[in-house]
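Engineer: Pasting a structure here, questions to come.
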Amino acid sequence: MEPAKDLHHHLQQIIHPRFGNLGQPRAVNLTGPCGPPLLPAVREKNPAYIHLSVTGRCNARCRGCINSAISNPFSDDRRDAAPIRDTVPDRDAACILHLLAETDKKEAAVCFYGGEPLLALEKIVRIKEIIDHACCPLPVSYMLYTNGTLLEKAVTAQPGFFTDLWLTSISIDGRRQQHEAVRPGADLVKIRQGLIALRRVAGGRTLMWSTLRENQTLADCFAEFLDLHEQGLIDLFFWHWVETAEPYERFADYCARYEADLETVMAHYLARLREGRILPVIHLNELIIFALTGQRRNSSGCGVELADNFDLIDGKIHSCADLPPEMAIGHIDAQGHPHIRPVDLMGLVEYKKPLGCYQCGVHDYCGGRCPVQAHISSGERLGQYCQLMRLHVAVVLSHLDEIRAAMAAHGLTPQHLYDQAAFYAQFTDVTP
20 MEPAKDLHHH LQQIIHPRFG NLGQPRAVNL TGPCGPPLLP AVREKNPAYI
70 HLSVTGRCNA RCRGCINSAI SNPFSDDRRD AAPIRDTVPD RDAACILHLL
120 AETDKKEAAV CFYGGEPLLA LEKIVRIKEI IDHACCPLPV SYMLYTNGTL
170 LEKAVTAQPG FFTDLWLTSI SIDGRRQQHE AVRPGADLVK IRQGLIALRR
220 VAGGRTLMWS TLRENQTLAD CFAEFLDLHE QGLIDLFFWH WVETAEPYER
270 FADYCARYEA DLETVMAHYL ARLREGRILP VIHLNELIIF ALTGQRRNSS
320 GCGVELADNF DLIDGKIHSC ADLPPEMAIG HIDAQGHPHI RPVDLMGLVE
370 YKKPLGCYQC GVHDYCGGRC PVQAHISSGE RLGQYCQLMR LHVAVVLSHL
420 DEIRAAMAAH GLTPQHLYDQ AAFYAQFTDV TP
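In terms of my numbering, the sequence shown opens at residue 20 and continues consecutively.
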C-alpha cells in the first residue's frame, strides 16, 4: 500500500466548535462508558452474494469512474474502450452455481454489475435462466446495479426479468443539474421514466445510490431521493464519498457544507421517527444500530480482507470488483469451474496501522472504510476521510437521545431499523 508511506503528511485539521479536533483519533467515540444501557443486538441476515461484472462498457461517462480509475485510465466513452470483456453466460453461470454449491449460507444473491450491465441485457437474462433451471441447493435472489438510462427500454424488452428482480440499485447524484454535471451520459429524465416503467412490473425494492464529489452537495442528492421516494419510485437511499486520489481543494468548506446537509437529513429522519416511521437511509440506520447496541464491524467496511466475497470479472475471480486486475484470487476455466488460490488478503488493510484506525473512536463502525480508496489514494485524502467520518458519526450521535426516545415511544427496536433499511448496507459500499 504505497499511500501508507505518507499518511503522516501535514494535514489540515478541522477544529470543530462542538466536537473538537477531528484530526485526533479519539475526538469522537461511538459509545461512551456512562451512557444508557445497550439494547439487544439485531439478528443479521448474511446471504451468500456473488457479483458478476457483466460488461466493462458504459454510456454514462461519469467523472471519477472507479472502474476506469482502477483498471484503466480511459478518457473516451467506455462503450468503445472497455477495461473488461463481456460475460460469457454459460461459463459464468456455471461458476456461480459451483460457488453456491460450496457455501454454507441458507440463501444467495447474484448481483449484476458493470460498466453498465443493461448494455448486455440478453447475456444477463441468459445467466438468470441457467441458474433458475439448475438444481441450485439454495434460493437465489437477483440484484442489478445500473445507471438507469436504459431501464425503460430494457423493461419493455424483458419484463419478466425485471419482475423477478429483488433489488435494483440506481446511480443518481442529485437533481438534474447536479446529476448530469458529473454523469454527462446519464439523462435524469430518462432515469425517472425508467423507474416508472420498472415500478409497473417489478415487486422488488429500489435503491438510490449517490456518489459525492467535492462540487456536489448531499442536500441536492437528498432532495432528489425524497422526491422519488414520495412518488413511490425509490425505496432506499445510500450515499458514498467518491474514491479518488486527489485531496479536497477546500476541505474546511466541504466539511461545513456536509455537516449542514447532514443535519438537514437528520431533521427529516427525526421527524419521521417521531411519527413511528423509519426513513430508509441505509447507512444512517446501520450507524444508529451500532451506537444503540454496541455492535462492532470487525473488518473494513466491505470486509474484502476476509476473502469471503466473490466478484467475477472477465473470467477471473476477485475479492472486490474495484481492485486492480493483478489482485485476482482465482480464475474460471472454460467449463465454468472456479479455481481459487489460497490467499492472504490482510495486506489490503495494512494502511489502518499508520492511519491510526485501531486507536480511533469510530473504528468499530468505520472499519477503516474502503481498502480500494487506500490503494489509489494519497495519504492526505485518507486523512481527510478520517476527519469526515468522525464528523459524520458525531453529527448522528448528537441526536441519539432523541432517536432513542422516539423509538421507545413507538415500540421500535434496532431490529426494525435493520429489517427496513440497515440490512441492505452489505449490498452497498457500507459506509459513506
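Virtual Cβ for every residue (Gly too), placed ideally from N, Cα, C.
1) Tell me which residues share the same chain as GLN197 and place their Cβ nearer than 6 angstroms to its Cβ, disregarding the 5 neighbours each side in the sequence.
2) Quick one: residues in its chain with C-beta nearer than 8 angstroms to the C-beta of ILE348, no 5 flanking neighbours on either side, listed in chain order?
3) Taking just the CA atoms, how far does GLU305 sit from LYS124?
4) Between which two residues does the beta strand (DSSP E) containing ARG224 stretch?
5) Starting from the N-terminal side, write out each stretch of the beta strand (DSSP E) that is 3 residues or longer and does not extend beyond the segment 241-266.
6) Taking the alpha helix (DSSP H) that THR182 belongs to, which residues open and close that run?
7) From GLY51 to THR312, what distance separates their C-alpha atoms?
8) Within a Cβ cutoff of 6 angstroms, which residues of the same chain sit near ASN166, ignoring the five residues on either side of it in sequence?
9) Hey, how far is the Cα of PRO108 from the Cα of LEU169?
10) For ALA440, count neighbouring C-beta atoms within 10 Å of its own C-beta (all shown protein chains included) and say buried if the count is 16 or more, exposed if not.
11) I'd like to confirm the pairing. Which residues does DSSP put opposite HIS117 in its beta bridges?
12) Just verifying my parser: in three-state terms, what is the DSSP assignment at ALA127?
13) Which residue's Cα is closest to the Cα of GLN434: PHE309, THR263, TRP185 and ASP383?
14) Using CA coordinates, which residue listed in GLY222, HIS248 and SER160 is at the minimum distance from ASN65?
15) Between the segment 31-42 and the segment 289-304, do three or more beta carbon pairs fall short of 8 angstroms?
16) Rounded to whole angstroms, what is the Cα-Cα separation between MET346 and SER396?
17) State the DSSP-derived secondary structure class of ASN304, mapped to helix, strand or coil.
18) On the DSSP letters alone, give me the boundaries of the alpha helix (DSSP H) that MET426 sits inside.
19) Measuring alpha carbon to alpha carbon, tell me which of ALA139, CYS274, THR447 and LEU431 ends up nearest ILE301.
20) Quick one: Cα of SER229 to Cα of HIS117, how far?
21) Which residues in the same chain have their Cβ closer than 6 angstroms to the Cβ of ASN328, if we skip the five residues on either side of it in sequence?
22) Go to ALA67, then tell me how far its beta strand (DSSP E) extends in each direction, as first and last residue.
23) Which residue comes first and which comes last in the beta strand (DSSP E) that contains GLY349?
24) Under the rule that 16 or more other beta-carbon atoms within 10 Å means buried, what is PRO56, buried or exposed?
25) For the alpha helix (DSSP H) holding ILE215, just list the boundary residues, first then last.
26) Does DSSP classify ASP327 as helix, strand or coil?
27) Among ARG296, HIS248, LEU237 and ALA286, whose alpha-carbon lies nearest the alpha-carbon of HIS418?
28) When you compare only the Cα positions, how much space is there between ARG315 and TYR384?
29) Does the segment 175-193 touch the segment 61-77, meaning 3 or more C-beta pairs lie closer than 8 angstroms?
30) How long is the line joining the alpha carbons of THR263 and GLY430, rounded to whole angstroms?
31) Under 8 angstroms, with one C-beta from each stretch per pair, do the segment 240-251 and the segment 216-232 reach the 3-pair mark?
32) Could you tell me whether the Cβ atoms of LEU281 and LEU247 are closer together than 8 angstroms?
33) What residue range does the alpha helix (DSSP H) around LYS371 cover?
34) Comparing the C-beta of GLN32 with each C-beta of chain B, is any distance below 8 angstroms?
Structural biologist: The short version:
1) The answer, listed in chain order, is GLN235 and ASP239.
2) Cβ neighbours of ILE348 beyond the five flanking positions: ALA326, ILE336, HIS337, SER338, ILE359, ARG360, VAL362 and LEU364.
3) If you take the alpha carbons of LYS124 and GLU305, they lie about 22 angstroms apart.
4) Per DSSP, ARG224 belongs to the beta strand (DSSP E) from 224-231.
5) 255-260, all fully within the segment 241-266.
6) For THR182, the enclosing alpha helix (DSSP H) starts and ends at 178-182.
7) CA-to-CA, the gap between GLY51 and THR312 works out to about 12 angstroms.
8) Here ASN166 has ALA79, GLU135, SER190 and ALA205 as same chain residues with Cβ atoms under 6 angstroms from its own Cβ, once five neighbours each way along the sequence are excluded.
9) PRO108 and LEU169 have their C-alpha atoms some 21 angstroms from each other.
10) Within a 10 Å sphere around the beta-carbon of ALA440 sit 16 or more other beta-carbons, which makes this residue buried.
11) In the DSSP secondary-structure assignment, HIS117 is not bridged to any residue.
12) Three-state result, ALA127: strand.
13) Closest by alpha carbon: PHE309.
14) Looking only at GLY222, HIS248 and SER160, the smallest Cα-Cα distance to ASN65 is reached by SER160.
15) Taking 8 angstroms as the limit for Cβ pairs, the verdict is that the segment 289-304 does not touch the segment 31-42.
16) Whole-angstrom Cα-Cα distance: 17 angstroms.
17) Correct three-state label for ASN304: helix.
18) Under the DSSP assignment, MET426 falls in the alpha helix (DSSP H) whose first and last residues are 419-428.
19) For ILE301, the nearest C-alpha among the options comes from THR447.
20) Each residue's alpha carbon lies about 34 angstroms from the other.
21) Around ASN328: SER338.
22) Element bounds for ALA67: 67-72.
23) In this chain, the beta strand (DSSP E) harbouring GLY349 covers 349-351.
24) Classification for PRO56: exposed.
25) In the DSSP assignment, ILE215 falls within the unbroken alpha helix (DSSP H) covering 207-220.
26) When DSSP states are grouped into helix, strand and coil, ASP327 belongs to the coil group.
27) That would be ALA286, whose Cα lies nearest to the Cα of HIS418.
28) Spanning the two alpha carbons is a distance of roughly 6 angstroms.
29) Not touching, per the Cβ criterion.
30) In a straight line, the C-alpha of THR263 is about 42 angstroms away from that of GLY430.
31) In this structure the segment 240-251 lies against the segment 216-232, because at least three pairs of beta carbons, one per stretch, are closer than 8 angstroms.
32) Going by C-beta atoms, LEU281 is not nearer than 8 angstroms to LEU247.
33) Run containing LYS371: 371-374, per the alpha helix (DSSP H) assignment.
34) Absent from the structure: chain B. Only one protein chain is present.
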